[in-house]
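Enquirer: Numbering-wise, the sequence shown is residues -16 to 565 according to the numbering used here.
Here it is: the structure, laid out below.
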Amino acid sequence: MRTYMVIPTYWTGPNSEWEEGDKVFDHATPVSEEGTLGRTLDSLHILEDNEFTLVIIAIATNKKYEKPMKEKLKKMLLKADIPVDTILFTETTLTNIKKELYKDYSGEDVLSLDNYAHIRNMCIFVPYILDAEIALLIDDDEVFEDPKFVTKAKEFIGKRFYGNTIDGVAGYYLNEDNEYYDKVNIVPWMTYWDRFGGKREAFDKIIGSEPRLKKTPFAFGGAMVIHRNLMRIVPFDPRITRGEDTDYVINARIFGFNFFLDNTLAIKHLPPSKKHPVWKRFREDIFRFLYDKSKFDTQTYKTNLHEIKPEDFDPYPGSFMKPDLGDKIFKTNIILALNYLADGDVEACKGTIENIYLARYDAIPHYNTFETYLSFQKEWRATLEQTKSFGDTLKDIIKKGQIIKFDKYQIEKRKLLEKTSIHKNLHLRQIEMFKNFTKKELRSIFFISEIINLIRGEYVFKAGDMDSNVYVVLQGTLDVIKERKNSDNDILVSKIEPGDHFNETSIFFGAKHKVSVIATSDVDLLKVNNKEFLKLLKDNCELSAKLLWIVSKKLSERLMHTTQKFSDTKDQSSDVSDHMES
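Below, the structure written as structure tokens:
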């Protein structure tokens, strides 16, 4: 399945400089520092499945930092030597897309990099334009520790589970102690705001128990797998200030899509320490939950849409979508304000008291959030429909940001040749057997091959063995020998030099060998798997013809050599066919 892994990363000026009008993100990395992204990129190397394209969506808090940010990221990406195609997407890329897309289109502009939800939308918009079947959303403060992470992410998406289509899969975070709980100390001010207790209960129920797949009421933005069908219909809600990941699960449910959590799909989450005081972080929660609650409160019956109820999302986030949310907010702010006052922090106490005012007058949306989201969703679908008329134009704009063009063949060849003493730039077409093969044919053969290392005196195979693999000598020399009956001296049939190939006739004739092949020096062989080679030949007539020509030519040469050999010797004790096998 065509898969795109998307990682948003946030950057700001040197020394975290900030000025009026800058975008605000929690952990924007100063362009003068390394941040956490490099650690994430390095961890990609452990993944067994690298059949995906990586997209880095880079956001600068101010336009003037975009150039140094891009230069920084290009160096970082090249240094990381990532084993996948890698594209860098920035505000400039988005501007160029919008110039084309909205040139003759009067619809609403739904594309932006101004807040977390908009950025998440770009995390599915870019893969959609590039014809992805799957978007895998990862954050830049995470580390892959499970080599099978991508394998698991692809395993179920788009399939059916007890009659339900798996439209989205949620993974989950592990903290530095390898636990899925939030690393938070429960303190008195949380008495009525039992958010972490609710999350713990939900995590134990969904993550900590069987079966492996369960419908989930929550998701983690840095561990989401989204199918193309879901990308096309359901956008992230750009009006929610935080918690856009779990809000997305709610939105998906409205449109009848299913999100499942896979309790084996875990990623290490190592965020920087929080900079904002508790009262300010609590303010973010207030706005977030009051917004989501209003979506429940303002929903109306719509044909083909699904009614959502807080109870459907219990214990979390459902318990924060119910009528007592205002009371929880009020009581929690009072306790927190008294804590600050007792500690002598008057300014923090004032900020907490202000939370009470904001919760009543500013945080509750004064518009119909349900209808507003439906309007945005309609514009989202129209925009994606509009992109179809541009052919490859939008793709080409995005692909201009490609930093790494990963050549799997070259990387795998390099890894394979590291097992030999051969120079890494060896070209297979330099070998006589492969000189007329196309690049595609060479790659096909290479991926069904392995390196065999022999020391002097070791056998590739002995007389009487069954071995139908093809061998190409990359380095070293070998002898083909025939055991002489009643004698300690074997008959030397022929010598095999670097660049030679042997045993290719065994692809067609699976008889036991009548001769042995022994290394006369340290030898590096390319061994082509017989069964896979036959499959390849069956599917590729042109390749089959080339191989038959090689075999015929080799047999002809060996016949001439053998005829000459026997005309010059008195030893007629062995059959000619014994000398033709090699």
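Where is the CB? At the ideal position from N, CA and C, for every residue including glycine.
1) For Leu334, is the classification buried or exposed, using 16 other Cβ atoms within 10 angstroms of its Cβ as the cut-off for buried?
2) According to the Cβ coordinates, are Ile533 and Tyr442 closer than 7 Å?
3) Below 8 Å, can you find three or more Cβ-Cβ pairs linking the region 238 to 249 to the region 312 to 325?
4) Going by other Cβ atoms of all chains shown within 10 Å of its Cβ, with 16 needed for buried, is Pro110 buried or exposed?
5) Straight-line CA distance for Thr315 to Val232?
6) Indicate the three-state DSSP secondary structure (helix, strand or coil) for Tyr48 in the structure shown.
7) Leaving out the 5 sequence neighbours to the left and right, which residues in its chain are closer than 6 Å to Phe353 when beta-carbon positions are compared?
8) Compare the C-alpha of Ala325 against each of Ile339, Trp172 and Thr546 and name the closest.
9) Taking the alpha carbon of Tyr371 as the reference point, which residue from Asp450, Tyr88, Asn351 and Asp522 has its own alpha carbon closest?
10) Starting from the Cα of His122, find the closest Cα among Asp32, Leu24, Phe420 and Lys86 and give me that residue.
11) Starting from Ser432, trace the beta strand (DSSP E) both ways and give me its first and last residue.
12) Would you decide whether Glu368 is buried or exposed? Buried here means 16 or more other CB atoms lie within 10 Å of its CB.
13) Check each candidate in Asn212, His259, Arg225 and Val261 and name the one with the smallest Cα separation from Gly239.
14) To which residues of the same chain is Thr355 closer than 7 Å at the C-beta, ignoring the five residues directly before and after it?
15) I'd like to confirm the pairing. Which residues does DSSP put opposite Asn635 in its beta bridges?
16) Mind checking Ala136: buried by the 16 CB within 10 Å criterion, or exposed?
17) Cβ atoms of Leu437 and Val506: under 7 Å apart, would you say?
18) Is DSSP giving Val453 helix, strand or coil here?
19) According to the Cβ coordinates, are Trp1 and Ala43 closer than 7 Å?
20) Using DSSP with H/G/I as helix, E/B as strand and the rest coil, what is Trp1?
21) Give the secondary structure of Glu125 by DSSP, where H, G and I count as helix, E and B as strand, and everything else as coil.
22) Tell me which residues share the same chain as Gly(-4) and place their Cβ nearer than 6 Å to its Cβ, disregarding the 5 neighbours each side in the sequence.
23) Roughly how many whole angstroms lie between the Cα atoms of Glu290 and Phe272?
24) Anyone know if the C-beta pair for Val38 and Phe72 falls short of 7 Å?
25) Just the C-alpha distance for Arg541 and Ile464, rounded to the nearest angstrom, thanks.
26) Between which two residues does the alpha helix (DSSP H) carrying Asp522 extend?
27) Please return the same chain residues whose Cβ sits closer than 6 Å to the Cβ of Thr19, not counting the five positions on each side in sequence.
28) In angstroms, rounded to a whole number, what distance separates the CA positions of Thr12 and Thr(-14)?
29) Please report how far the alpha carbon of Asp448 lies from the alpha carbon of Ile381, in whole angstroms.
30) Just to confirm, is the Cβ distance from Tyr156 to Phe203 under 7 Å?
Expert: On the basis of the supplied data:
1) Translated into the one-based positions of the sequence shown, residue 334 becomes position 351. Checking the sequence, you will find Gly at residue 334 rather than Leu. Buried is the call here.
2) Position 550 of the sequence shown holds residue 533. Position 459 of the sequence shown holds residue 442. Taking 7 Å as the Cβ cut-off, Ile533 and Tyr442 do not qualify as a contacting pair.
3) no
4) In the sequence shown, the residue the question calls residue 110 occupies position 127. Buried, because 16 or more other Cβ atoms sit within 10 Å of the Cβ of Pro110.
5) Indexing the sequence shown from 1 puts residue 315 at position 332. Indexing the sequence shown from 1 puts residue 232 at position 249. Cα to Cα, Thr315 sits roughly 27 Å from Val232.
6) Locating residue 48 in the sequence shown gives position 65, counting from the first residue. Tyr48: helix per DSSP, three-state reduction.
7) Counting from 1 along the sequence shown, the entry for residue 353 is found at position 370. Excluding sequence neighbours, Phe353 sits near Lys278, Thr281 and Gln282.
8) As a position in the sequence shown, residue 325 is number 342, starting the count at 1. Ala325 has its Cα closest to that of Trp172, out of Ile339, Trp172 and Thr546.
9) Numbered from 1 along the sequence shown, position 388 holds the residue referred to as residue 371. A quick correction: the sequence has Lys, not Tyr, at residue 371. Selected option, being the one with the closest Cα: Tyr88.
10) Taking the sequence shown and counting its residues from 1, the one referred to as residue 122 is at position 139. Looking at the sequence shown, residue 122 is not His but Asp. For the residues Asp32, Leu24, Phe420 and Lys86, the minimum Cα distance to Asp122 belongs to Leu24.
11) For this step, residue 432 is matched to residue 449 along the sequence shown. Per DSSP, Ser432 belongs to the beta strand (DSSP E) from Ser432 to Leu437.
12) In the sequence shown, counting from the first residue as 1, residue 368 sits at position 385. Under this definition Glu368 is an exposed residue.
13) Counted from its first residue, the sequence shown places residue 239 at position 256. Taking Gly239 as reference, the option from Asn212, His259, Arg225 and Val261 with the minimal CA-CA separation is Asn212.
14) Within the sequence shown, numbered from 1, the residue matching residue 355 stands at position 372. Result list for Thr355: Arg222, in chain order.
15) Summary: the structure shown does not reach residue 635, with the chain confined to residues -16 through 565, and so no result is reported for it.
16) Mapped onto the sequence shown, residue 136 falls at position 153. The C-beta of Ala136 has 16 or more other C-beta atoms within 10 Å across all chains shown, which makes the residue buried.
17) Against the sequence shown, residue 506 aligns to sequence position 523. Against the sequence shown, residue 437 aligns to sequence position 454. Yes, Cβ-Cβ distance for Val506 and Leu437 is below 7 Å.
18) Counted from its first residue, the sequence shown places residue 453 at position 470. Of the three classes helix, strand and coil, the one that applies to Val453 here is strand, per DSSP.
19) Numbered from 1 along the sequence shown, position 18 holds the residue referred to as residue 1. Numbered from 1 along the sequence shown, position 60 holds the residue referred to as residue 43. The answer is no: Cβ separation not under 7 Å.
20) The residue given as residue 1 occupies position 18 in the sequence shown. Coil at Trp1, not helix or strand.
21) Your numbering for residue 125 matches position 142 in the sequence shown. DSSP places Glu125 in strand when its eight states are reduced to three.
22) In the sequence shown, counting from the first residue as 1, residue -4 sits at position 13. Cβ within range, chain order: Tyr48.
23) Along the sequence shown, read from residue 1 onward, the residue named residue 290 stands at position 307. Along the sequence shown, read from residue 1 onward, the residue named residue 272 stands at position 289. Between Glu290 and Phe272, the C-alpha separation is close to 19 Å.
24) On the sequence shown, position 55 is the one that residue 38 refers to. On the sequence shown, position 89 is the one that residue 72 refers to. Cβ atoms of Val38 and Phe72: closer than 7 Å.
25) The count along the sequence shown starts at 1 and reaches residue 541 at position 558. The count along the sequence shown starts at 1 and reaches residue 464 at position 481. The alpha-carbon atoms of Arg541 and Ile464 are separated by roughly 15 Å.
26) Within the sequence shown, numbered from 1, the residue matching residue 522 stands at position 539. Where Asp522 is concerned, the enclosing alpha helix (DSSP H) stretches over Asn513 to Asp522.
27) As a position in the sequence shown, residue 19 is number 36, starting the count at 1. The beta carbon of Thr19 sits closer than 6 Å to those of Asp123 and Asp124, all from its chain and outside the five residues before and after it, given in chain order.
28) Position 29 of the sequence shown, counted from the first residue, corresponds to residue 12. Position 3 of the sequence shown, counted from the first residue, corresponds to residue -14. If you draw a straight line from the Cα of Thr12 to the Cα of Thr(-14), it is about 28 Å long.
29) Indexing the sequence shown from 1 puts residue 448 at position 465. Indexing the sequence shown from 1 puts residue 381 at position 398. Looking at the two C-alpha atoms, the distance is approximately 55 Å.
30) What you label residue 156 is simply residue 173 of the sequence shown in a count that begins at 1. What you label residue 203 is simply residue 220 of the sequence shown in a count that begins at 1. Cβ atoms of Tyr156 and Phe203: closer than 7 Å.
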